[in-house]
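Asker: For the sequence shown, the working numbering gives the first residue as 73, with consecutive numbering after it. Glycine residues also receive a C-beta, built at the ideal position from the N, C-alpha and C atoms. No experiment lies behind these values; they were computed from the predicted model shown. Sharing a structure, written as structure tokens. Questions coming.
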Amino acid sequence: MRRRLFALRGLAAQSAMPLLAVLPEVLWAYAWLVWVSGWQVLGWPNPPLSLVSAIGCAVAAEVMTRTSLARNWSLRRVRLVVLPALAFLLALIVRIELRDGYALWDVGWTAYALDHLTRLGGALAFGAYLLWRGIVLGRERLSFDDIYPRFLFGLTALAILLVLWGITSGSSGFRQAWSTPSLYVVVYFFVGLLALALSNAQAIRQGMVRGREATEFFHRGWLPLVFGTLLAIVVVALGIASAFSFDLVALLLQPLNVVANWLLIAFLYGIALPLGVLAAILVYVLRFLVSLISRGRPPEPITPPDFSDWRKALEGQQPRGIPLDLVVIFKWTLVALVASAVVFLLARALFRYWRGKPEKEIEEVNESLWAWETFKTDLRDFLIGFLRRFKR
């Protein structure tokens, strides 16, 4: 049983690696796309592709590439199946992103596309780049040696972007550099460090398995431990950065507010509505029994709960039946309860892990997943090699 659980956890970690490898590539490239979209000469109101669509393009290309390699498809079959499928996917995503109110089957969209050729070309070019990166990543083993140079390259690209963003945004350049692209930088660090830690831990685990030295650490849920540690680091960094930039706080609260709205909607229609209908049925049955005994009027038909005022409040409209402050208080109270439950479960899992008694006659093996001095040395060597290319 333990061996089977051990194999399942190793499989879960291996399954997470393709997504963790492609996300940093998309994040730093999409941050550049956001900056380019702000150029007045282009006249784009927003980036031509959303972040979700960008991730979908890269992940689809990576998955299709790995699937074709795992099944030993010939090059001709790949060209006939994978490439047309990816091209169709890109065209569909671009069509949906630039729909501007037109339905998929509406030929009137062609006129709109001809009037916005630069935006259409930008979406196709960026999507093609993401497909190419997904194909490249799908052909690699995704080991630590493969991910680490890409992490350094993306880190350098984000650093250059922050400088350019600060220069081109005028007097409020540094403030803008903190508020807009900082979220991509934070998520890039989180996902990149998680991918590095996971790839290195996988290499350690495979070495132990080959040497029949798999320790109790790998029999337990070590991936949530790494995830929780990196999440704590990111949260602390965001707290420190927010003390110097109120724009960053507002930027972070926007997606959090969307999550809170969806959480409240899920609670209303997934929990409150069924309970309300059940309560209404019980009240109807009780009133019906009372009417039979007292020979009074039959009860009124069942009326399900109405959450239209709550929905209006979440959409930014003024509700009529309930105060708006009540909706806001209830929404954030629900978020606090869910966050407290998650923290409680994580703390309980870590507490159980720390209380676990080590087995006897097990040799302890220590291996670092991250070394700051090594990172600084590799970053310096990477920048020196990068600058030498321009001297040539």
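1) Considering Trp-382, what are the terminal residues of the alpha helix (DSSP H) in which it resides?
2) Starting from Asp-187 and walking both ways along the alpha helix (DSSP H), at which residues does that stretch end?
3) Buried or exposed: which applies to Gln-274, given that a residue is buried once 16 or more other Cβ atoms fall within 10 Å of its Cβ?
4) Among the candidates Pro-120, Met-89, Val-330, whose CA atom is the shortest distance from the CA of Gly-210?
5) With DSSP run on the structure shown, which of helix, strand or coil describes Val-113?
6) Out of Ile-353, Leu-345, Leu-361, Arg-359, state which residue places its alpha-carbon closest to the alpha-carbon of Ser-380.
7) If you compare alpha carbons, which of Glu-212, Arg-205, Arg-213, Gly-238 is closest to Gly-226?
8) Taking 8 Å as the cut-off, decide whether the C-beta atoms of Leu-386 and Asn-333 are in contact.
9) I need the boundaries of the alpha helix (DSSP H) containing Arg-342, first residue and last residue.
10) Nearest to Leu-95 by CA position, among Tyr-356, Leu-202, Val-113, Ile-401, is which residue?
11) Tell me which residues share the same chain as Gly-199 and place their Cβ nearer than 7 Å to its Cβ, disregarding the 5 neighbours each side in the sequence.
12) Compute the Euclidean distance between the alpha carbons of Arg-148 and Leu-91, then round it to the nearest angstrom.
13) Hey, which unbroken runs of the alpha helix (DSSP H) at 4 residues or more fall wholly within the region 114 to 147?
14) Is Ala-195 helix, strand or coil when you go by DSSP?
15) Three or more beta-carbon pairs under 8 Å between the region 189 to 199 and the region 96 to 116, yes or no?
16) Report the rounded CA-to-CA distance for Trp-250 versus Val-415, giving the unit in angstroms.
17) Would Ala-93 and Ile-207 be called neighbours here (beta carbons separated by less than 8 Å)?
18) Ignore the nearest five residues each way along the sequence and tell me which others in Ala-419's own chain have a CB closer than 8 Å to its CB.
19) Going by beta carbon distance, what residues of the same chain come within less than 7 Å of Lys-429, once the five residues before and after it are set aside?
20) My output table needs one value for Gly-173: the three-state DSSP class, helix, strand or coil.
21) Have a look at Asp-397 and Trp-145 and give me their C-alpha separation to the nearest angstrom.
22) Please confirm whether Val-400 and Pro-391 have their CB atoms less than 8 Å apart.
23) Does the distance from the CB of Ser-140 to the CB of Val-131 come in under 8 Å?
24) By the three-class DSSP mapping on this structure, what secondary structure does Pro-391 have?
25) From the DSSP output, in three-state form, read off Arg-211 for me.
26) Taking CB distances under 8 Å as the criterion, tell me whether Asp-453 reaches chain C.
27) Where does Arg-452 fall in DSSP's three states?
28) Please say whether Glu-169 and Ala-133 have beta carbons closer to each other than 8 Å?
29) Alpha carbon to alpha carbon, how far is Leu-233 from Phe-262?
30) Please check the pair Leu-335 and Leu-417, which I expect to be a contact at CB under 8 Å, by giving their CB distance rounded to whole angstroms.
31) Less than 7 Å between C-beta atoms, sequence neighbours within five positions excluded: which residues of the same chain meet that for Tyr-260?
32) Short of 8 Å in beta carbon distance, which residues of its chain neighbour Ile-127, apart from the five on each side in sequence? Order them along the chain.
33) For a test of the three-state rule: what should DSSP assign to Leu-92, helix, strand or coil?
Answerer: Let me spell this out:
1) As a working mapping, residue 382 is identified with position 310 in the sequence shown. Taken as a continuous stretch (DSSP letters only), the alpha helix (DSSP H) holding Trp-382 covers 380 to 386.
2) Here residue 187 corresponds to residue number 115 of the sequence shown, with the count starting at 1. Asp-187 -> alpha helix (DSSP H) spans 181 to 187.
3) The count along the sequence shown starts at 1 and reaches residue 274 at position 202. By the 10 Å Cβ count, Gln-274 comes out buried.
4) Mapped onto the sequence shown, residue 210 falls at position 138. The option with the nearest alpha carbon to Gly-210 is Met-89.
5) For the purposes of this step, residue 113 is identified with residue 41 of the sequence shown, where counting begins at 1. It is coil, neither helix nor strand.
6) Within the sequence shown, the letter at position 308 stands for residue 380. When only C-alpha atoms are compared, the closest one is Leu-345.
7) In the sequence shown, counting from the first residue as 1, residue 226 sits at position 154. Comparing Cα-Cα distances from Gly-226 to each of Glu-212, Arg-205, Arg-213, Gly-238, the minimum goes to Arg-205.
8) Along the sequence shown, read from residue 1 onward, the residue named residue 386 stands at position 314. Along the sequence shown, read from residue 1 onward, the residue named residue 333 stands at position 261. Taking 8 Å as the Cβ cut-off, Leu-386 and Asn-333 qualify as a contacting pair.
9) Counting from 1 along the sequence shown, the entry for residue 342 is found at position 270. The amino acid at residue 342 is misidentified as Arg; the sequence shows Gly. Per DSSP, Gly-342 belongs to no alpha helix (DSSP H) and is neither H nor E.
10) Taking the first residue of the sequence shown as 1, we reach residue 95 at position 23. The shortest Cα separation from Leu-95 among Tyr-356, Leu-202, Val-113, Ile-401 belongs to Leu-202.
11) Counted from its first residue, the sequence shown places residue 199 at position 127. Around Gly-199: Leu-121, Cys-129, Leu-162, Ile-165, Val-166.
12) The residue given as residue 148 occupies position 76 in the sequence shown. The residue given as residue 91 occupies position 19 in the sequence shown. The straight-line gap from Cα to Cα measures roughly 27 Å.
13) 123 to 142
14) Taking the first residue of the sequence shown as position 1, residue 195 is located at position 123. In the structure shown, Ala-195 sits in a helix (DSSP, three-state: H, G or I).
15) yes
16) Reading the sequence shown from its first residue, position 178 is the one you call residue 250. Reading the sequence shown from its first residue, position 343 is the one you call residue 415. Reliability of the predicted coordinates at Trp-250 is poor, the pLDDT of 47 falling under 50, and no value is obtained from them.
17) For the purposes of this step, residue 93 is taken as the residue at position 21 of the sequence shown. For the purposes of this step, residue 207 is taken as the residue at position 135 of the sequence shown. Against a cut-off of 8 Å, the Cβ pair of Ile-207 and Ala-93 comes out as no contact.
18) Position 347 of the sequence shown holds residue 419. There are no such residues.
19) Numbered from its first residue, the sequence shown carries residue 429 at position 357. Note that Lys-429 scores 49 on pLDDT, short of 50, meaning its location in the model is unreliable and no value can be drawn from it.
20) What you label residue 173 is simply residue 101 of the sequence shown in a count that begins at 1. Three-state DSSP puts Gly-173 in coil, outside helix and strand.
21) For the purposes of this step, residue 397 is taken as residue 325 along the sequence shown, with counting starting at 1. For the purposes of this step, residue 145 is taken as residue 73 along the sequence shown, with counting starting at 1. Their backbone Cα atoms lie some 60 Å apart in a straight line.
22) Along the sequence shown, read from residue 1 onward, the residue named residue 400 stands at position 328. Along the sequence shown, read from residue 1 onward, the residue named residue 391 stands at position 319. Result no, Cβ atoms of Val-400 and Pro-391 do not sit closer than 8 Å.
23) As a first step, residue 140 must be located in the sequence shown, where it is residue number 68. As a first step, residue 131 must be located in the sequence shown, where it is residue number 59. No; because the gap between Cβ atoms is not below 8 Å, this pair is not in contact.
24) Position 319 of the sequence shown holds residue 391. Three-state DSSP puts Pro-391 in coil, outside helix and strand.
25) As a first step, residue 211 must be located in the sequence shown, where it is residue number 139. Arg-211 falls in the coil class under three-state DSSP.
26) In the structure shown, chain C does not exist; there is a single protein chain.
27) In the sequence shown, residue 452 corresponds to position 380, counting from 1. Note: Arg-452 maps to helix in three-state DSSP.
28) Translated into positions along the sequence shown, residue 133 becomes position 61. Translated into positions along the sequence shown, residue 169 becomes position 97. No, they are not a contact pair.
29) Locating residue 233 in the sequence shown gives position 161, counting from the first residue. Locating residue 262 in the sequence shown gives position 190, counting from the first residue. About 18 Å.
30) For this step, residue 335 is matched to residue 263 along the sequence shown. For this step, residue 417 is matched to residue 345 along the sequence shown. Incorrect: roughly 17 Å between the Cβ atoms, too far for contact.
31) Here the question's residue 260 lines up with position 188 in the sequence shown. Taken in chain order, the residues that qualify are Pro-96, Leu-99, Trp-100, Gly-226, Leu-230.
32) For the purposes of this step, residue 127 is identified with residue 55 of the sequence shown, where counting begins at 1. Answer for Ile-127: Val-94, Leu-95, Val-98, listed in chain order.
33) Position 20 of the sequence shown, counting from 1, holds the residue named residue 92. Of the three classes helix, strand and coil, the one that applies to Leu-92 here is helix, per DSSP.
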